[in-house]
Every structure is written in structure tokens, then in C-alpha cells.
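In what follows, a single structure is set out as C-alpha cells and then discussed.
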Amino acid sequence: MSLDVELAEIRDFLRGHPPFADLPGDALTRLLPRLTMEYFRRGTAIMAPGRDNFRLFVVRSGAVDIRDSVGTLVDRGEAGACFGSTTLVGGNPSSFTVEAIEDVLALVMDAEAFTELCATHAVFDEFFDEQRSRRISAAVATQQQSYHGSAILKTPTSELVSRPPITVPLAATIRDAALAMCERSVSSLLVMDGNRLAGIITDRDLRNRVLARGVDPGLPVTEVMTADPVTGRTDGLAFEVLLEMVSRNIHHLPLCENDVPVGVVTTTDLMRLEQTNPVYLVGDISKQTDAADVARAALRLPAVAETLVAQDASADDMGRIVTAIGDAVERRLIALAEDRLGPPPVPYCWVTLGSRARIEQALAADQDNALILDNAYQPEEHAAYFTDLAAMVSDGLVAAGYPRCVGAIMATNPDLRISLARWRKAFHKWMHKPEPEAILRASIFFDMRPVAGDASLYVTLADEIRGEAPTSRRFLAHLARNAVSNEPPIGFFRGFVLAKEGQHKDTLDIKRGGVGAVVDLARVHALAIGSPAVHTDTRLADAIEAGTIDRGRGEDLRDAFEFISYVRFRHQAAAVKAGRAPDNHLAPDELSSFDKRHLREAFAIVRSAQSVLGTVHGTGALG
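According to my numbering, the sequence shown is numbered sequentially starting from 41.
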């Protein structure tokens, strides 16, 4: 059946039922593409008292019961019946329960379309609330409606700031600092150079660096403070602050807005939020003294992910936590390797690539990393050190549950253990002399994030990429072509496309054409506008703000990405629980009707976004 025939059938159905029967033919024709179809299993409460609704439903098949707030049956709707107009006209929340008493297939109209019909046709002359509720947004909310989350997962960092920081000037003495801490009953204070944060001193510093060593308290506080301390932002979540603190073994973290300190968070503050939480695994990893113990701690990760899925944490939260644990493992292994090998002969930056760089790591992830070496690097003098460093870290990651990359995208590969100058040359070639196959292989390197070492090496490289990429139109076109080639696993009539042979026969690959497809789209958009973001959702948000993605289409794509990622995490957690290795291949029979319906919708959104990107960047012209 062609799409035109399907729309014609819907049009004929609506023509047989009021109020659509009274619409002019052209109005009905314009309405049809704006309608969606939803399935509700028998027993589903489609609407409920106290719950908001911003959509009009038209029953195409099946039946619903409509009951008032005390449970009295007030109406029964069958094919052609409409419901939902009470909230559109009278406002939210709903005072009625609408329950599917048979399996229901419904046509759904959003508030925007409803409003336009009300404004132009007397038969729809009713008042309404303009806010739309999109299907994928509703799906995400439904998947997470039972998730109350732990305090530490959901508390904004800004709420941790209870008072301005206590400060002393750069010229203050140790005694001045101690007196200020005593008078204000604080365990730390900030040392300021004008408006610039110069350092931090804590009660532990006073004990260990002053009293224990007999240091003269009349000396400048700069003698014992921690200079240029690690800082956090106020626009994140509490768990991100916690992860940063435990991974670095610090107990006080200044929070800044526009580089100006606005408060200090302590581990005590965070402990008050949550006494028991899976992210404390990061702290355990950071305390281990050998690679074997790091591995034993890291192998708790699948159980942590299983717990998060059981709590219905969002895919974004789960990705951040799994990523942070991976970062902690890698940082600890690097530190242990340096302990064995001694200090590095030249500065270096260890960078992670791919999903962990994007802060979106799932359970079925292998190693993806590289080394950016200072330009003073001389292979004949320094290669042995970094060869050993990479080997130790890679072996440790394998033991910790991160298998080696089959494509050798690892720091153990000498081609990925090179100087900053060589990295700059490689990126310049990719962007200004692009070759299709080379770009396909190189795309992972545009998702890069520093993990350990001298981050300035990464910043230099990232700044150059961000400056050059928007002007490299042919490079962006090649990248776009790669992005649109990973088609979502959905057919023309929205049936799932399954593998026809091999190990994963009769399954769909939710990573390649789902998660991966959105990642590829977001990467192109981010590079095209010079966005510094690597996180996929942030890249999409930046593209929306820059106007390169239509706001409505962009928000749909963000919702689709969250939903697909959530289904993927849940699938992997179920595999772990069943004693199987997590993967990205879903069998349709393991999906609920809810999942199937909304995965189809999500895949359709991705396919539409791919089509737009291909048009914008003229991918067809590349051959």
C-alpha cells in the first residue's frame, strides 16, 4: 500500500465522522499529514484525573470508557469518537479517566493543529491550551514516570551553594586565614587575587602543611595554599561535582560562574544528599593501589547500570555515570603506570574517543583512546616510555572489562601516539583534502576529550579544529554523506528492518542506525557551526540555537535520541541480569508494544533529519 493510499483511507474514515465530516476537503487534506497514529493496549489509562493533556484523540478502532473523577461511567467511545477536547477547551489537568477497554488504535492531533482548525472553522470553534505535547516526549516521560531518582542524581549544583565563599586576599598571612576560618566556622576559604581565584586553603592544609611542619603562621598564605584549584560549574548536577571530587581525591570544590567563585561545596554537603549511591564506585576505583584491584572494582559497573535502569534513570544520566566510571578507571591506571615508569619525559595528554568522549558510554563499549604528545617528543628518546605507558593502561582496561578496539583505535597504536604537530597535520588533511574512506575512518577523532595529562595540548588542537571545520565545505559534505548512510532500521511502511543472516539474524541494530545515526548527525552540525561540544544532546541544542536545525525538528531529534538510548541501556542491563554479554542487537519480540511504536516514531524522526542534512550539504553531488 502506498503512502497516498494510506492517507486516502484515513481521509475517508474521518469524512464519515463528525466534526471532520463538516470540514472542507482541502482543510482535511492539509490536516492528514499532521495526524499521528497511536496504539493503546486494553486496560491502558490514556487520560487520568490530575494529569495534563494537550492532544485530541480520534478512535479509529477499538473502544474506550470515559469516567468522571469518582469513577462513574459517563460515556463509551467507539470508532469515530473523539476525546481530549475537555482539557484543550477547559484547561488542565484532566478531571476524567479514559481507559482502553479494547485494544485501541487512535488518530492523534496536537494542540497546534487543533487551534488552527478552531480559528478557521466554526465546527472547531473552541478554546484550547497552545502548548503541544509531542509523542516522543510523552514516551520519554512515560518510561521515566516512576523514576524519582536519588537526590544526588537530580539536585542542581546551584542548590549546593548556601552562602558566598569566605575569602582572603593574596597578601594575607597563614594566621589571617586561620582566624577567618575560625570566626566564620568554615573548613576552607578561598585566596583571591582581585576577582581571580588564586588558591584554596583548608583545615587539612593547616594541620598537615603548617602545624605538622612547624611553619611560621606569619608567612604568606600562598606558601601553603593549593594554587589554581580545580573548580566546578553551577549549571550541572550534584553527582557531576561528586564524581569530580572523588576521582581527584579532594574534599572542597569551589563553584564558579563566569570564572568568579560563588561558593564552595564539600564532601559533607554531598553526603547529606545521598549516603548510598552507585556513583561512589568512582571513589573506590580512585583509591586502588594496583591495576588488579582497579579491575575488580570496575567489574561492579554492570551491576551499577542494572540498578540505574531498575530506577528508570534517564539515558543521559546513565551515560554520564558509566562514562565517569570509565574515566576514573583510565585515570587511575594512568597514575599507576606513571608510578612504575616515573615522570613522563615530555608532557602528554591522554584523550578518550568515541562514546566516552561524548559522555555517552554504554555497557558494550571497547577501548578508544590516543595520546597527544608535546612537540618536544623525540621517538628515538621517548618512544619506549609512552609505548610502555599505553600498554600498561590498555592491559588494565581489558582486565577492567573494556576490550581492545578491533580497529586499533588505541594509544597502543604508534600512529595514535604522536606529537601535537602531527595531530594538527592529520586533522588539517582530513578537513582540507578529504578522501571519503579516510573521513569515514577519521570521524571518531572528532569526538575527543582529555582524560589525563596536560589538557592544554588537547585545547590547542580542539581550538584549531573548531576554527577550521566550518569553512571546510567539502569535508563537511563527506562527513554528512557518512552520517546519512547509517539508515535507521525501519522500512517504508515503518516495519523494522532486521538482519537476515549471521549471528544477529532477526534482530535490529539499535546502535548503528539509531544511537549512532543521531551521533553522526549531531557531529556534522556541531563542526559546521564551530561548537566546542562533544556531548550529542548539547551539540543538537547548540545547532538549534544557531538556527542550523529547525527548533521543532531539533527538539524531536533530541527526544528521539533519549528514547532510543534508553531502550538500548535497558536491553543491555537485561542481558547482564541474564548472564549474557551486553550488545546492541534487539529482537522485536523482546520489545513491548509501547517500545515498538515509539521506536518506529523515533527512527522516522532520525530518517527525516538525515534527509534534511543530506539536502543541506549536497551529499548526492559527491557520488
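All C-beta atoms in this analysis are idealised placements derived from N, C-alpha and C, irrespective of residue type, glycine included.
Just so it is clear, the structure is predicted and the values come from calculations on it, not from any experiment.
Short of 8 angstroms from the beta carbon of Asp256, and not among the five residues preceding or following it, lie these beta carbons of its own chain, in chain order: Ile214. A check of alpha carbon separations from Asp357 across Ser605, Leu626, Val559 identifies Ser605 as the nearest. DSSP assignment within the stretch 61-141 yields the following whole alpha helix (DSSP H) runs of 4 residues or more, N-terminal first: 65-71, 125-130. Exposed is the label assigned to Val499, since fewer than 16 other Cβ atoms lie within 10 Å of its Cβ. In the pairwise beta carbon analysis, the stretch 417-436 is classified as not touching the stretch 466-478: fewer than three pairs are separated by under 8 angstroms.
The continuous alpha helix (DSSP H) containing Arg521 extends over residues 513-525.
Within the DSSP bridge table, the entry for Gly272 names Leu295 as partners. Per DSSP, reduced to three states, the secondary structure at Asp150 is strand. Ala85 sits exposed, since fewer than 16 C-beta atoms from the chains shown fall within 10 Å of its C-beta.
Of the residues Ala377, Arg380, Pro342, the one whose Cα lies closest to the Cα of Val362 is Pro342. Between Leu293 and Val302 a beta carbon distance of about 12 angstroms is seen, past the 8 angstroms cut, so the two are scored as non-contacting.
As DSSP reads the structure, Gly493 sits in a beta bridge with Cys389. Apart from the 5 residues on each side of it in sequence, Ala404 sits with its Cβ closer than 7 angstroms to the Cβ of Gln612, Pro622, Asp623, Asn624 in its chain, given in chain order. In terms of Cα proximity to Ser135, the closest of Ala159, Ser125, Leu47, Arg224 is Ser125. A contact is defined here as three or more CB-CB pairs under 8 angstroms, and the stretch 493-508 fails this definition with respect to the stretch 521-536. In the DSSP assignment, His625 is bridged to Asp549. Secondary-structure assignment with DSSP links Ala410 through a beta bridge to Val391. Within the same chain, Met77, Tyr79, Arg100, Ser101, Gly102 come within 7 angstroms of Leu145 by CB-CB distance, once the 5 residues on both sides are set aside. Around the Cβ of Arg116, a 10 Å sphere holds fewer than 16 other Cβ atoms; the residue is exposed. By a beta-carbon distance limit of 8 angstroms, Ala220 contacts Val208. Their separation comes to about 6 angstroms. Just so you know, the alpha carbons of Leu75 and Leu147 end up roughly 6 angstroms apart.
Taking the CA atoms as reference points, Ile240 sits about 29 angstroms from Asp503.
A distance below 7 angstroms between beta-carbons, with the five flanking residues on each side excluded, links Glu585 to no residue of its chain. Taking a cut-off of 8 angstroms for Cβ pairs, the stretch 154-161 and the stretch 53-69 touch, as three or more such pairs fall below it. The beta-bridge partner set that DSSP reports for Ala218 is empty. The C-beta distance from Ile106 to Phe94 rounds to 18 angstroms, too long to fall under 8 angstroms, and the pair is not in contact. Annotation: Asp367 to Ala410 spans about 14 angstroms, alpha carbon to alpha carbon.
The DSSP-derived three-state label of Ala238 is strand.
For Leu230, the closest C-alpha among the options Leu200, Val300, Thr274, Ala583 is that of Val300. Under the three-state reduction of DSSP, Asp233 is assigned to strand.
Secondary structure note for Ile361: its alpha helix (DSSP H) is the uninterrupted segment 355-381. Annotation for Leu626: Thr547, Leu548, Ile550, His611 place their beta carbon closer than 7 angstroms to its own, counting only its chain and skipping 5 residues before and after.
Contact holds between the stretch 414-425 and the stretch 453-461, because three or more Cβ pairs, one in each stretch, are under 8 angstroms apart. Nearest to Thr271 by C-alpha distance, out of Val261, Glu284, Leu277, is Glu284. With respect to Ala451, Val369 sits apart: the two C-beta atoms are not nearer than 8 angstroms. Cys296 and Ile141 have their alpha carbons spaced roughly 55 angstroms apart.
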